[in-house]
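*Asks:* Structure provided below as structure tokens; questions to follow.
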Amino acid sequence: MGMEGIGASVVRKEDKRFITGKGRYVDDIKLVGMTYAHFIRSPHAHAKVKSIDSSAAEAMPGVVAVLTGKQIVDDKVGNLICGWAITSKDGSPMKMGAWPAMAPETVRFVGQAVAVVIADSKNLARDAAEAVVVEYEELPAVADMPSALKPGAPQLHPEAPGNVVYDWHIGDEAAVGAAFSKAAHVVSLELTNNRLAPNAMEPRAAIADYDAAEEHFTLYTTSQNPHVARLVLSAFYNIAPEHKLRVIAPDVGGGFGSKIFIYPEEMVALWASKKVGRPVKWTGDRTEAFLTDAHGRDHISKAEMAFDADHKMLGLRVKTHANFGAYMSLFSSSVPTYLYATLLSGQYNIPAIYAEVMGVYTNTTPVDAYRGAGRPEASYLLERLVETAARQFKMDPAELRRKNFITQFPHQTPVIMAYDTGDFNASLDAAMKAIDYAGFPARKAAAKAQGKLRGIGLSCYIEACGIAPSKAVGSLGAGVGLWESAEIRVNPVGTIEVLTGSHSHGQGHETTFCQLIADRLGVPISQVSIVHGDTDKVQFGMGTYGSRSAAVGLTAILKAMEKVEAKAKKIAAHALEASEGDIVIENGEFKVTGTDKSIALPMVALAAYTAHNLPDGMEPGLKESAFYDPTNFTFPAGTYICELEVDQATGKTSFVNFVAADDFGRLINPMIVEGQVHGGLVQGIGQALLEHAVYDGNGQPVTASFMDYAMPRADDVPSFKLSHTTTLCPGNPLGVKGCGEAGAIGASAAVINAITDAIGNNKLEMPATPDRVWHAIHGNA
Amino acid sequence: MSTVKLTVNGKAVSAEVEDRTLLVHLLRDHLNLTGTHVGCDTSQCGACVVHIDGRAVKSCTVLAGQAAGANVTTIEGIAKGDELHPMQAAFRDNHGLQCGYCTPGMIMSAIDIVHRHGGQLDEATVREELEGNICRCTGYHNIVKAVLDAAGRMKVAQAAE
Chain A
1 MGMEGIGASV
11 VRKEDKRFIT
21 GKGRYVDDIK
31 LVGMTYAHFI
41 RSPHAHAKVK
51 SIDSSAAEAM
61 PGVVAVLTGK
71 QIVDDKVGNL
81 ICGWAITSKD
91 GSPMKMGAWP
101 AMAPETVRFV
111 GQAVAVVIAD
121 SKNLARDAAE
131 AVVVEYEELP
141 AVADMPSALK
151 PGAPQLHPEA
161 PGNVVYDWHI
171 GDEAAVGAAF
181 SKAAHVVSLE
191 LTNNRLAPNA
201 MEPRAAIADY
211 DAAEEHFTLY
221 TTSQNPHVAR
231 LVLSAFYNIA
241 PEHKLRVIAP
251 DVGGGFGSKI
261 FIYPEEMVAL
271 WASKKVGRPV
281 KWTGDRTEAF
291 LTDAHGRDHI
301 SKAEMAFDAD
311 HKMLGLRVKT
321 HANFGAYMSL
331 FSSSVPTYLY
341 ATLLSGQYNI
351 PAIYAEVMGV
361 YTNTTPVDAY
371 RGAGRPEASY
381 LLERLVETAA
391 RQFKMDPAEL
401 RRKNFITQFP
411 HQTPVIMAYD
421 TGDFNASLDA
431 AMKAIDYAGF
441 PARKAAAKAQ
451 GKLRGIGLSC
461 YIEACGIAPS
471 KAVGSLGAGV
481 GLWESAEIRV
491 NPVGTIEVLT
501 GSHSHGQGHE
511 TTFCQLIADR
521 LGVPISQVSI
531 VHGDTDKVQF
541 GMGTYGSRSA
551 AVGLTAILKA
561 MEKVEAKAKK
571 IAAHALEASE
581 GDIVIENGEF
591 KVTGTDKSIA
601 LPMVALAAYT
611 AHNLPDGMEP
621 GLKESAFYDP
631 TNFTFPAGTY
641 ICELEVDQAT
651 GKTSFVNFVA
661 ADDFGRLINP
671 MIVEGQVHGG
681 LVQGIGQALL
691 EHAVYDGNGQ
701 PVTASFMDYA
711 MPRADDVPSF
721 KLSHTTTLCP
731 GNPLGVKGCG
741 EAGAIGASAA
751 VINAITDAIG
761 NNKLEMPATP
771 DRVWHAIHGN
781 A
Chain B
1001 MSTVKLTVNG
1011 KAVSAEVEDR
1021 TLLVHLLRDH
1031 LNLTGTHVGC
1041 DTSQCGACVV
1051 HIDGRAVKSC
1061 TVLAGQAAGA
1071 NVTTIEGIAK
1081 GDELHPMQAA
1091 FRDNHGLQCG
1101 YCTPGMIMSA
1111 IDIVHRHGGQ
1121 LDEATVREEL
1131 EGNICRCTGY
1141 HNIVKAVLDA
1151 AGRMKVAQAA
1161 E
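As structure tokens, this is what we get:
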């Protein structure tokens, strides 16, 4: 590895603009003649829209228009789609109600838009919105799954009787039944996975600009995947054909999944910009983010595991209810099915698995992918179940895990996934060593002497990343291919532009992707630019989510790079009068191996563009592109161990130590990888201790601001000790697996296992607030 | 509407604003200083922190009119030309930022923390002091490292002056 090549902790190129206040986020952009949108949102969880009187608002100075749900439906803007078709057990397709961008007749969650005010300034739009009178007829609402599934419960959509979207299953029910019938031990657990609000720090925003002369739209938006946004807006929402719609996702302030989806506000901004003939800007506030950004998690599950007399796992049975909120968001259907149940084998050799998942409508904000998407739910369930088993068997939880680890690869699980490689003992050993696991009993005793309850908790997670082989996901119902594309342009002066369909919103692609080029060509990363986030510049892309950008996006760049190198070698060989096979690339030069003859990259590039002396028949130029479709998922895995103390008097938890040992395959930039792990761990810890999106019985959200929803702050969380074990991913030439979600997938079980270990009571739900922990210690008396 | 005159990043500026205008919107919308961000509506997240007369303040809690006559410094005003402020450099060198959205507020708060505590900073103090700045990307680990690193750099810089 060179100073800036693969494996080097290169300081980020993109940082200069962010630390000097020169980042360019959507809300920083102003267009000439721009108007401002303010949405009028339902205060009710379920209601009929009886009438909307906008006459007073429209008469106010500076108000350009008030547009309603009826108008957007009349103009044939398409309903929002769900892009992954799931089939129920009985063979029936999933049952979806229509989701118009603004509600013309019925609102089904608090915050659903019914109208929008367009005005000359943000304040004028807000003021005018106050003057719009919406008359609602309230309907009974259901805010949680048990209520929604009761006979006679209020119904959200006529298309989905009983509020059930689907009743899906995976695995071999009979084999699992047989496993349980011969089991020596059965361990069971009921648990919920708490609903979370993703809360990227930059609220969503959109600016739509319609050019009437060209019949062309430009959309600036906070998106993790601008090409997918263009595709969906074009193919399903009737906004404009793709060549008449440019989507730009400039600097984006975090996503965590919530900015994958195409939301009503972008659709309305585009539609409205054409209607009013001026650019329309919408910038969400934090409460709008709580009300309308897709939430995450929200499962209720029952799990049972069968063991033989030697504590070997025989079978796993899981029944999960997954809350989808009021409408099916873009990828929501896949999250509690193919992104969840397929990971229920964890790191373990479980011969038989059967999982049933029922998707449920409630009068709440739609739920979709949030960092980890399905995999945190699987990991939390399994790792709490295994910990419960160890306590039931009075066994060391590390030993029970080790006894059941998969050690032979490839390994076919009973739930689709074929793990390609891994070394679960290595990451468990590394984590146990880092936290001095052997010394824990003495530390626990010392803490007890001081009146503190100390606990230790393990979590051995596995996830599937690098989503995904297009053919495989297509056969499972996905509506899109999940390849990635790249283009490399070597300019005549030898500088290089890499155009990628991945999108960076904190991941550091502008640095790590350059590191690959530096590694291959030996040029400094200052000579390389990464271009992303603009459908007019980049040929296509599926965007960034599911920890896919290194495994899929960077591999696409590598494939394009190989084509560039092959052509450049031909040009160099021709110029040096050597054989193409004798050309090697070193430090930015093309050398004839075993001689002192060489030609520098800029001269090769110049030769490609002057075209004065190219090999016969060769096209001028030095620019290549590639599409890369992965052959399998990648399987990052690792062990997290949390050691903490609980104050018996208050129920407050204090971290003593938190260690992580991850296997991400090859690391491109260890500094950036560790940053991703830190962030993921804190999101997992946030879920375990603090975060919970709560509704009252009428579907009113009671956590719709940072005053009410407990975000992890600096003094809530510890510093971390990280280490890496390595098995190279055989599925891609770089050997990378992906690191973006691991922390959020593995951390929550480690925390809860540690608390329940400390307090000696396994009945504890997330978030484990001091109140809940206190009650778990002292009972409800 | 009122005319508000103040000094921003060393320059005298004047703007015609509605009386209800917040300082953060004066900076962003009228002066095009978009490095100061808005991340919440409740003065919780700290993305909008600037310095008013040398003290870190959430610019979403201050009316533009209240800043009349004040000396305001924003993230755009702390580097000396091409030379980064030690806190900016420490954030970069310690990978104390990812998406960059909370970063300007973090840096402005962190400078104030170092000023107030001088050389007496430790991890626990930094974590407690950063309570009013929310980051969703970094898990704070590298932000804390950056602030401690910058505290050392700022001491050296001060000693050299």
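First to last, the sequence lines map onto chains A and B. Per my numbering, the first sequence starts with residue 1, numbered consecutively. Per my numbering, the second sequence starts with residue 1001, numbered consecutively. Yeah, the Cβ is synthetic: ideal placement off N, Cα and C, and Gly gets one too.
1. Closer than 9 Å between beta carbons: that is the criterion. Which residues of the stretch 441-467 of chain A meet it against chain B?
2. Would A:Ala373 pass as a contact of A:Thr634 if the rule is Cβ separation under 9 Å?
3. Just by C-beta distance, which residues in the stretch 1120-1139 of chain B are closer than 9 Å to chain A?
4. Less than 9 Å separating the beta-carbons of A:Gly508 and A:Ile672?
5. Take the Cβ of A:Ala781 as the centre, count every other Cβ of all protein chains shown within 10 Å, and call the residue buried at 16 or more, exposed below.
6. Would you identify the three-state DSSP class for A:Ala781, choosing helix, strand or coil?
7. Chain A beta carbons: is any one of them nearer than 9 Å to that of B:Pro1086?
8. At least one CB of chain A closer than 9 Å to the CB of B:Ile1107: is that the case?
9. Identify each residue in the stretch 192-210 of chain A for which the Cβ-Cβ distance to at least one residue of chain B is less than 9 Å, and report them in chain order.
10. Which one of A:Gln347, A:Glu624, A:His299, A:Lys448 has the shortest CA to CA distance from A:Met358?
11. Taking Cβ positions only, does A:Tyr25 come closer than 9 Å to chain B?
12. Got a sec: which bits of the stretch 521-534 of chain A sit with their beta carbon under 8 Å from any beta carbon on chain B, in order along the chain?
13. Return the chain-ordered ranges of every beta strand (DSSP E) run that is complete within the stretch 100-158 of chain A and spans a minimum of 3 residues.
14. Could you tell me whether any Cβ in chain A is nearer than 9 Å to the Cβ of B:Gln1098?
15. Does B:Gln1066 have its Cβ less than 9 Å from a Cβ in chain A?
16. Taking all protein chains shown into account, decide if A:Thr727 is buried (16 or more other Cβ within 10 angstroms of its Cβ) or exposed.
17. Under 7 Å, CB to CB, which of the residues in the stretch 704-729 of chain A have a partner in chain B?
18. Less than 6 Å between C-beta atoms, sequence neighbours within five positions excluded: which residues of the same chain meet that for A:Ala175?
19. So, with DSSP's three-state summary, where would you put A:Pro93?
20. Looking at C-alpha atoms only, which residue of A:Arg317, A:Ala200, A:Thr320, A:Ala183 is the closest neighbour of A:Asp285?
21. Taking the continuous alpha helix (DSSP H) assigned at B:Arg1055, which residues delimit it?
22. When you check each C-beta in the stretch 1037-1052 of chain B against every C-beta of chain A, which residues fall closer than 8 Å?
23. Let me know if A:Ala213 comes out buried or exposed under the rule of 16 or more other beta-carbons within 10 Å of its beta-carbon.
24. Taking all protein chains shown into account, decide if A:His612 is buried (16 or more other Cβ within 10 angstroms of its Cβ) or exposed.
25. Nearest to A:Pro636 by CA position, among A:Asp662, A:Met618, A:Leu614, is which residue?
26. Is there a Cβ from chain B that is less than 9 Å from the Cβ of A:Gly62?
27. Decide yes or no for the touch test of the stretch 751-765 of chain A against the stretch 532-543 of chain A: beta carbon pairs closer than 8 Å, at least 3 of them.
28. For A:Thr292 and B:Ala1157, what's the separation of their Cα atoms in angstroms?
29. Give the DSSP-derived three-state secondary structure of A:Glu173 in the structure shown.
30. Suppose you measure from the CA of A:Tyr609 to the CA of A:Lys537; what does that come to, to the nearest Å?
31. Compare the C-alpha of A:Val280 against each of A:Leu231, A:Gly697, A:Phe217 and name the closest.
32. Could you tell me which uninterrupted beta strand (DSSP E) segments, each at least 3 residues in length, are contained entirely in the stretch 460-532 of chain A, listed from first to last along the chain?
33. Give me, in chain order, the residues of the same chain whose beta-carbon lies closer than 7 Å to that of A:Glu202; leave out the 5 immediate sequence neighbours on both sides.
34. Run down chain A in chain order and give the residues with a C-beta less than 8 Å from the C-beta of B:Asp1093.
35. Cα-Cα, which of A:Asp757, A:Phe706, A:Val773 is closest to B:Cys1135?
36. By DSSP's criteria, A:His299 is part of a beta bridge. Which residues make up the other side?
*Replies:* The structure says:
1. none
2. As a working note, residue 373 of chain A is residue 373 in the first sequence. As a working note, residue 634 of chain A is residue 634 in the first sequence. The criterion of a C-beta distance shorter than 9 Å is not satisfied by A:Ala373 and A:Thr634.
3. Under the 9 Å Cβ criterion, the stretch 1120-1139 of chain B contributes Glu1123, Ala1124, Val1126, Arg1127, Glu1128, Glu1129, Leu1130, Glu1131, Gly1132, Asn1133, Ile1134, Cys1135, Arg1136, Cys1137, Thr1138, Gly1139.
4. In the first sequence, counting from the first residue as 1, residue 508 of chain A sits at position 508. In the first sequence, counting from the first residue as 1, residue 672 of chain A sits at position 672. Going by C-beta atoms, A:Gly508 is nearer than 9 Å to A:Ile672.
5. Here residue 781 of chain A refers to the residue found at position 781 of the first sequence. Summary for A:Ala781: the model assigns pLDDT 46, below 50, so the residue's position carries little reliability, and this model does not support an answer.
6. Along the first sequence, one-based indexing puts residue 781 of chain A at 781. Any reading at A:Ala781 must be qualified, since the residue scores a pLDDT of 46, below 50, and its modelled position is unreliable; the value itself is stated next. It is coil, neither helix nor strand.
7. Taking the second sequence and counting its residues from 1, the one referred to as residue 1086 of chain B is at position 86. Judged by the 9 Å Cβ criterion, B:Pro1086 is not in contact with chain A.
8. The sequence position of residue 1107 of chain B within the second sequence is 107, counting from 1. Answer yes: the Cβ-Cβ gap between B:Ile1107 and chain A drops below 9 Å somewhere.
9. So the list reads Pro198, Asn199, Ala200, Met201, Glu202, Pro203, given in the order they occur along the chain.
10. Counting from 1 along the first sequence, the entry for residue 358 of chain A is found at position 358. Out of A:Gln347, A:Glu624, A:His299, A:Lys448, A:His299 has the C-alpha closest to the C-alpha of A:Met358.
11. Locating residue 25 of chain A in the first sequence gives position 25, counting from the first residue. So, interface residue.
12. none
13. 113-119, 133-138
14. Position 98 of the second sequence, counted from the start, is the residue given in the question as residue 1098 of chain B. Output row for B:Gln1098: interface = yes.
15. Locating residue 1066 of chain B in the second sequence gives position 66, where the first residue counts as 1. B:Gln1066 does not count as touching chain A.
16. On the first sequence, residue 727 of chain A is found 727 positions in, with the first residue counted as 1. It counts as buried.
17. Result list: Ser705, Phe706, Met707, Met711, Arg713, Ala714, Asp715, Val717, Ser719, Phe720.
18. By one-based count along the first sequence, residue 175 of chain A stands at place 175. The answer, listed in chain order, is Ala352.
19. As a working mapping, residue 93 of chain A is identified with position 93 in the first sequence. The answer is strand: DSSP assigns A:Pro93 an E or B state.
20. Walking along the first sequence from the start, residue 285 of chain A turns up at place 285. Cα-wise, what sits closest to A:Asp285 is A:Ala200.
21. Here residue 1055 of chain B corresponds to residue number 55 of the second sequence, with the count starting at 1. Counting along the chain, B:Arg1055 falls outside any alpha helix (DSSP H), though it belongs to the beta strand (DSSP E) covering 1055-1058.
22. His1037, Val1038, Gly1039, Cys1040, Asp1041, Thr1042, Gln1044, Cys1045, Ala1047
23. As a first step, residue 213 of chain A is located in the first sequence; it is residue number 213 there, counting from the start. With fewer than 16 Cβ atoms within 10 Å of its Cβ, A:Ala213 is classed as exposed.
24. In the first sequence, residue 612 of chain A corresponds to position 612, counting from 1. With fewer than 16 other Cβ atoms within 10 Å, it is exposed.
25. Working through the first sequence from its first residue, we reach residue 636 of chain A at position 636. Of A:Asp662, A:Met618, A:Leu614, the smallest CA-CA separation from A:Pro636 is found for A:Asp662.
26. Position 62 of the first sequence, counted from the first residue, corresponds to residue 62 of chain A. For A:Gly62, the answer is no, since every Cβ of chain B falls outside 9 Å of its Cβ.
27. no
28. Taking the first sequence and counting its residues from 1, the one referred to as residue 292 of chain A is at position 292. Taking the second sequence and counting its residues from 1, the one referred to as residue 1157 of chain B is at position 157. The alpha-carbon atoms of A:Thr292 and B:Ala1157 are separated by roughly 47 Å.
29. In the first sequence, the residue the question calls residue 173 of chain A occupies position 173. Note: A:Glu173 maps to helix in three-state DSSP.
30. The count along the first sequence starts at 1 and reaches residue 609 of chain A at position 609. The count along the first sequence starts at 1 and reaches residue 537 of chain A at position 537. Taking the straight line from one Cα to the other gives about 21 Å.
31. As a position in the first sequence, residue 280 of chain A is number 280, starting the count at 1. Measuring from the Cα of A:Val280, the nearest candidate turns out to be A:Phe217.
32. Listed in chain order, the complete beta strand (DSSP E) runs (minimum 3 residues) inside the stretch 460-532 of chain A are 484-490, 496-500, 528-531.
33. By 1-based counting over the first sequence, the position of residue 202 of chain A is 202. Cβ within range, chain order: Tyr25, Thr222, Val252, Gly253, Gly254.
34. The residue given as residue 1093 of chain B occupies position 93 in the second sequence. In chain order: Val11.
35. On the second sequence, position 135 is the one that residue 1135 of chain B refers to. Measuring from the Cα of B:Cys1135, the nearest candidate turns out to be A:Phe706.
36. Counting from one through the first sequence, the residue named residue 299 of chain A turns up at place 299. A:His299 pairs with A:Asn193, A:Ala322.
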